[in-house]
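Participant: The sequence shown begins at 5 in this note's numbering and counts up by one. No residue lacks a Cβ here, since even glycine has one placed at the ideal position from N, Cα and C. If you're wondering where the values come from, they're calculated on a predicted model, not measured in any experiment. The structure is given below, and queries will be raised subsequently.
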Amino acid sequence: MKKGKAQKKGTVVLAFSGGLDTSVCIPLLRERYDYDRVVTVAVDVGQPEADLRQATEKGRKFADGHYTIDAKEKFVEEYVFPSLKANGSYEGYPLGTALARPLIAEETVAIARLEGAQVVAHGCTGKGNDQLRFDFIIRSAGLEVVAPIRELNLTRSWEIEYARRHRMPVTVAKKNPYSVDENCWNRSIEGGMLEDPAFHPPEEIYRWTVDPRKAPAKPEEVTVSFGAGIPVALDGKKMKGYDLVQEMNLRAGRNGVGRNDMIEDRILGLKAREVYEHPAATALTIAHADLEHLVLTRAELAFKRGVDDRWSELAYQGLVHEPLFLALSAFIDRTQERVNGDVDLVLYRGSVRVAGRSSPDALYSGDMVSFDSTSLDQGHAEGLSRFHGIQAQFLKKRK
Numbered sequence: 005m006k007k008g009k010a011q012k013k014g015t016v017v018l019a020f021s022g023g024l025d026t027s028v029c030i031p032l033l034r035e036r037y038d039y040d041r042v043v044t045v046a047v048d049v050g051q052p053e054a055d056l057r058q059a060t061e062k063g064r065k066f067a068d069g070h071y072t073i074d075a076k077e078k079f080v081e082e083y084v085f086p087s088l089k090a091n092g093s094y095e096g097y098p099l100g101t102a103l104a105r106p107l108i109a110e111e112t113v114a115i116a117r118l119e120g121a122q123v124v125a126h127g128c129t130g131k132g133n134d135q136l137r138f139d140f141i142i143r144s145a146g147l148e149v150v151a152p153i154r155e156l157n158l159t160r161s162w163e164i165e166y167a168r169r170h171r172m173p174v175t176v177a178k179k180n181p182y183s184v185d186e187n188c189w190n191r192s193i194e195g196g197m198l199e200d201p202a203f204h205p206p207e208e209i210y211r212w213t214v215d216p217r218k219a220p221a222k223p224e225e226v227t228v229s230f231g232a233g234i235p236v237a238l239d240g241k242k243m244k245g246y247d248l249v250q251e252m253n254l255r256a257g258r259n260g261v262g263r264n265d266m267i268e269d270r271i272l273g274l275k276a277r278e279v280y281e282h283p284a285a286t287a288l289t290i291a292h293a294d295l296e297h298l299v300l301t302r303a304e305l306a307f308k309r310g311v312d313d314r315w316s317e318l319a320y321q322g323l324v325h326e327p328l329f330l331a332l333s334a335f336i337d338r339t340q341e342r343v344n345g346d347v348d349l350v351l352y353r354g355s356v357r358v359a360g361r362s363s364p365d366a367l368y369s370g371d372m373v374s375f376d377s378t379s380l381d382q383g384h385a386e387g388l389s390r391f392h393g394i395q396a397q398f399l400k401k402r403k
């Protein structure tokens with residue numbers, strides 16, 4: 005095995021999830037990289053309490069220092085809701101994991117500064133997207149990156165044996181060892197038998213959503229209230245961002261809403277089979293996009309579609325400090341000033357339907373559009389009609 009490049013002893017701060025990859029990084033950073041102090045950082049973005057507790061216990065036991073940071077509200081307010089305003093999606097599914105990585109990296113960088121460390125480590129492999137998202141944030145802060153799993157070209161089987169030699173507990177299923185990443189906005193499942201694109205995912209891999217075929221026979225209705233493009237209440241009850249997302253995850257999930265099974269193009273160009281759960285993200289994005297159609301002009305909507313796509317691509321890549329990303333965000337924020345109002349949703353066996361919408365900023369005129377209205381003189385359209393498509397008319401007449 006190729007050895008990592010020896011580095012001067014000191015403190016290294018490790019972004020820590022408590023999983024296999026980051027767990028083995030603790031002894032690797034001491035043995036292969038010659039660091040005499042490893043500090044771990046676990047960032048809570050809404051993952052299961054058991055996972056966070058395990059990360060905290062492992063960090064305290066095996067590292068030389070550990071921090072657990074509650075960033076749930078910050079994640080929703082500063083990452084999830086900006087993505088919702090951009091109708092953030094990548095190749096057909098709502099952005100999730102990509103939104104959390106920059107925040108985790110930023111919080112880890114903050115601890116590195118607190119500890120006086122010049123190096124930040126992570127447990128990403130050299131095949132996925134996360135390595136790029138972490139590296140970008142760390143290097144943008146002027147710090148050095150160490151990635152043991154990538155640099156030492158480690159395999160999962162080698163890591164398991166290495167962890168056992170160091171008496172470090174790891175939980176790895178013998179059959180279908182799926183890799184799961186979770187935050188309050190998205191749950192992703194990959195690896196194991198799912199690496200075969202033809203394999204049918206078993207129902208047991210899902211945690212947030214019920215099988216749509218087994219969802220309640222009666223539709224469930226919910227009204228989402230928005231203020232400046234952000235959901236602020238459900239059925240008239242005002243809620244904090246994180247609580248609202250969790251409540252919508254529950255409601256949409258029990259109705260089978262929010263599943264994706266897809267072939268995804270990673271940043272490196274590799275195609276990967278990914279399975280996602282995102283009930284709240286699905287329902288809230290549909291509601292938000294619908295309300296935009298009520299309050300934004302046709303020109304705004306047309307231009308914003310391209311902006312949303314480019315914003316989502318940059319967010320997927322983790323390039324949150326890219327000047328274009330910041331400029332696009334400024335445009336999106338300006339459009340959201342009028343995205344206020346209520347959207348009535350119907351959740352039913354895997355589907356989300358908008359039943360109605362209202363807004364004090366609506367551009368809709370019921371009087372002018374009505375067939376029975378006389379407030380608009382139809383004759384005024386005659387002049388416009390004569391010039392509509394006039395160039396095409398000329399060419400058609402010449403044939």
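(1) With three or more C-beta pairs closer than 8 Å as the rule, is the stretch 79-96 touching the stretch 134-154?
(2) Spell out the partners DSSP gives Glu224 in its beta bridges.
(3) Please classify Phe203: is it buried, with 16 or more other beta-carbons within 10 angstroms of its beta-carbon, or exposed?
(4) Consult DSSP for Gly424 and reduce its assignment to one of helix, strand or coil.
(5) Tell me where the alpha helix (DSSP H) around His297 begins and ends.
(6) Report all residues from its chain with a CB closer than 7 Å to the CB of Asn180; omit the five preceding and five following residues, and keep chain order.
(7) In or out: Gln97 buried (at least 16 other Cβ within 10 Å) or exposed?
(8) Is Gln397 helix, strand or coil when you go by DSSP?
(9) Which residues in the same chain as Tyr166 place their Cβ atom closer than 7 Å to its Cβ, once the five residues preceding and following it in sequence are excluded?
(10) Here's a check: name, in chain order, each residue in its chain whose Cβ is nearer than 6 Å to the Cβ of Gly240, leaving out the five neighbours to either side.
(11) Going by C-alpha to C-alpha distance, which of Leu274, Leu24 and Ile336 sits closest to Cys128?
(12) I need the DSSP call for Arg390, collapsed to helix, strand or coil.
(13) So, for Val123: in the same chain, excluding its five sequence neighbours on each side, which residues have a beta-carbon less than 6 Å away from its beta-carbon?
(14) Less than 7 Å between the beta carbons of Ala284 and Met243, yes or no?
(15) Just tell me which of Ile153, Leu318, Ser377 and Leu238 has its CA closest to the CA of Tyr37.
(16) Hey, how far is the Cα of Gly345 from the Cα of Thr339?
(17) Please report the distance separating the alpha-carbon of Val358 from that of Gly257.
(18) Could you tell me the distance, in whole angstroms, from the CA atom of Pro220 to the CA atom of Ile209?
(19) What residue range does the beta strand (DSSP E) around Gly69 cover?
(20) Between which two residues does the beta strand (DSSP E) containing Ala125 stretch?
(21) May I ask you to report which of helix, strand or coil DSSP gives Gly146?
(22) Less than 8 Å between C-beta atoms, sequence neighbours within five positions excluded: which residues of the same chain meet that for Asn187?
(23) Should the stretch 277-297 be regarded as contacting the stretch 212-232, the criterion being three or more beta carbon pairs within less than 8 Å?
Facilitator: In short:
(1) no
(2) For the purposes of this step, residue 224 is taken as the residue at position 220 of the sequence shown. Its beta-bridge partners are Leu351.
(3) Numbered from 1 along the sequence shown, position 199 holds the residue referred to as residue 203. The residue is exposed, with fewer than 16 neighbouring Cβ atoms inside 10 Å.
(4) Since the displayed the chain opens at 5 and closes at 403, residue 424 lies outside it and no answer follows.
(5) Taking the first residue of the sequence shown as position 1, residue 297 is located at position 293. Segment Pro283 to Val299, the alpha helix (DSSP H) holding His297.
(6) Taking the first residue of the sequence shown as position 1, residue 180 is located at position 176. At Asn180, the pLDDT of 47 sits below 50, so the modelled position is not reliable and the matter cannot be decided from this model.
(7) Locating residue 97 in the sequence shown gives position 93, counting from the first residue. Note that residue 97 is Tyr in the sequence shown here, rather than Gln. Tyr97 should be labelled buried.
(8) On the sequence shown, position 393 is the one that residue 397 refers to. If DSSP states are grouped into helix, strand and coil, Gln397 belongs with the helices.
(9) As a first step, residue 166 must be located in the sequence shown, where it is residue number 162. The residues are Val28.
(10) Locating residue 240 in the sequence shown gives position 236, counting from the first residue. Once the five neighbours on either side are set aside, Gly240 has no close Cβ partner at all.
(11) By 1-based counting over the sequence shown, the position of residue 128 is 124. The option with the nearest alpha carbon to Cys128 is Leu24.
(12) Position 386 of the sequence shown, counting from 1, holds the residue named residue 390. Three-state result, Arg390: helix.
(13) The residue you call residue 123 lines up with position 119 of the sequence shown. Once the five neighbours on either side are set aside, the close Cβ partners of Val123 are Val16, Glu148 and Val150.
(14) Translated into positions along the sequence shown, residue 284 becomes position 280. Translated into positions along the sequence shown, residue 243 becomes position 239. Not closer than 7 Å, so no.
(15) Translated into the one-based positions of the sequence shown, residue 37 becomes position 33. When only C-alpha atoms are compared, the closest one is Ile153.
(16) Position 341 of the sequence shown, counted from the start, is the residue given in the question as residue 345. Position 335 of the sequence shown, counted from the start, is the residue given in the question as residue 339. Answer to the nearest angstrom: the Cα atoms are 14 Å apart.
(17) Numbered from 1 along the sequence shown, position 354 holds the residue referred to as residue 358. Numbered from 1 along the sequence shown, position 253 holds the residue referred to as residue 257. C-alpha separation (whole angstroms): 17 Å.
(18) The sequence position of residue 220 within the sequence shown is 216, counting from 1. The sequence position of residue 209 within the sequence shown is 205, counting from 1. Distance between the alpha carbons of Pro220 and Ile209: 20 Å.
(19) Translated into the one-based positions of the sequence shown, residue 69 becomes position 65. Its beta strand (DSSP E) spans residues Gly69 to Asp74.
(20) If you number the sequence shown from 1, residue 125 lands on position 121. Note, Ala125: beta strand (DSSP E), Val123 to Ala125.
(21) On the sequence shown, position 142 is the one that residue 146 refers to. Looking at Gly146 - three-state DSSP - the assignment turns out to be coil, as it is neither helix nor strand.
(22) One-based indexing of the sequence shown puts residue 187 at position 183. Result list for Asn187: Val49, Gly50, Gln51, Phe79, Gly100, Thr101, Leu103 and Ala104, in chain order.
(23) yes
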